[in-house]
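Using numbering that gives the first Met the number 0, you'd call the opening residue of the sequence shown number 0 and step up by one each time. Glycine included, every Cβ here is placed at the ideal spot set by N, Cα and C. A quick write-up on the structure given underneath.
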Amino acid sequence: MPSRAPRFRRALLVVLLSHDGQSVLLRKPDERRAWRPLQWPVPAGHTEVKALRQWRRLHSTLPAMSRGSVTGRMSMPAETEIHLYTIVILRLMAPVQATSLTRSGSWHPIARLAETRVFPADLPLLIEGYVYGWLPDGPITLDH
Numbered sequence: 000m001p002s003r004a005p006r007f008r009r010a011l012l013v014v015l016l017s018h019d020g021q022s023v024l025l026r027k028p029d030e031r032r033a034w035r036p037l038q039w040p041v042p043a044g045h046t047e048v049k050a051l052r053q054w055r056r057l058h059s060t061l062p063a064m065s066r067g068s069v070t071g072r073m074s075m076p077a078e079t080e081i082h083l084y085t086i087v088i089l090r091l092m093a094p095v096q097a098t099s100l101t102r103s104g105s106w107h108p109i110a111r112l113a114e115t116r117v118f119p120a121d122l123p124l125l126i127e128g129y130v131y132g133w134l135p136d137g138p139i140t141l142d143h
């Protein structure tokens, strides 16, 4: 019997930086899993840019945001599908409460992020590299 080609499931991981650039908003869905950025699906036939616009429209009551010049890319194989993530960095232009975005979220200082269990595991390096300016602009691959 021929093997089936894996399905691809695409999603954005929205890394939301505080207005001062010192903290990142992460959510924890349950006790067994790591803290992670906000996630938003990218439907078939949509680009990541269009999906990000939809996410932004859903959160239109938030302050203005600037988009970072670094984008992460990551793929994770699962049993019958491959999860493709695009990691987008957004920085708020004014303060906002974490609970206005997610009930299970909180702000985490970037300086202590490496001490926190996060998904993806390289997220602290990506954020530090962006905030402190040692990553070049453009896409960065975080594949395992």
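Counting only C-beta atoms, is residue i closer than 8 Å to chain B at any point?
i, result
"L83", "Protein chain content of the structure displayed is limited to a single chain, and chain B is not contained in it."
Give the straight-line distance between the Cα atoms of residue i and residue j, rounded to the nearest whole angstrom.
i, j, result
"V69", "L89", "10 Å"
"V87", "A97", "18 Å"
"R146", "L61", "Residue numbering for the chain in the displayed model covers 0 to 143; residue 146 lies beyond these limits and cannot be assessed."
"P123", "Q38", "17 Å"
"V14", "M75", "18 Å"
"G44", "M73", "19 Å"
"R116", "P108", "13 Å"
"P119", "A33", "9 Å"
Where do the ends of the alpha helix (DSSP H) carrying residue i lie?
i, result
"G67", "Unbroken run through G67 is the beta strand (DSSP E), M64 to P76; no alpha helix (DSSP H)."
"E127", "L122 to V130"
For the beta strand (DSSP E) that residue i lies in, which residues bound it at each end?
i, result
"F31", "A small correction: the amino acid at residue 31 is Arg; Phe does not occupy that position in the sequence shown. No beta strand (DSSP E) holds R31; DSSP gives it neither H nor E."
Around the Cβ of residue i, are there at least 16 other Cβ atoms within 10 angstroms (buried) or fewer (exposed)?
i, result
"V48", "exposed"
"S59", "exposed"
Below 8 Å on the Cβ atoms is my guess for residue i versus residue j; work out the distance and round it to an integer in Å.
i, j, result
"L16", "L91", "7 Å"
Quick test of the definition: if touching needs 3 or more C-beta pairs under 8 Å, does the region 49-56 touch the region 102-118? no
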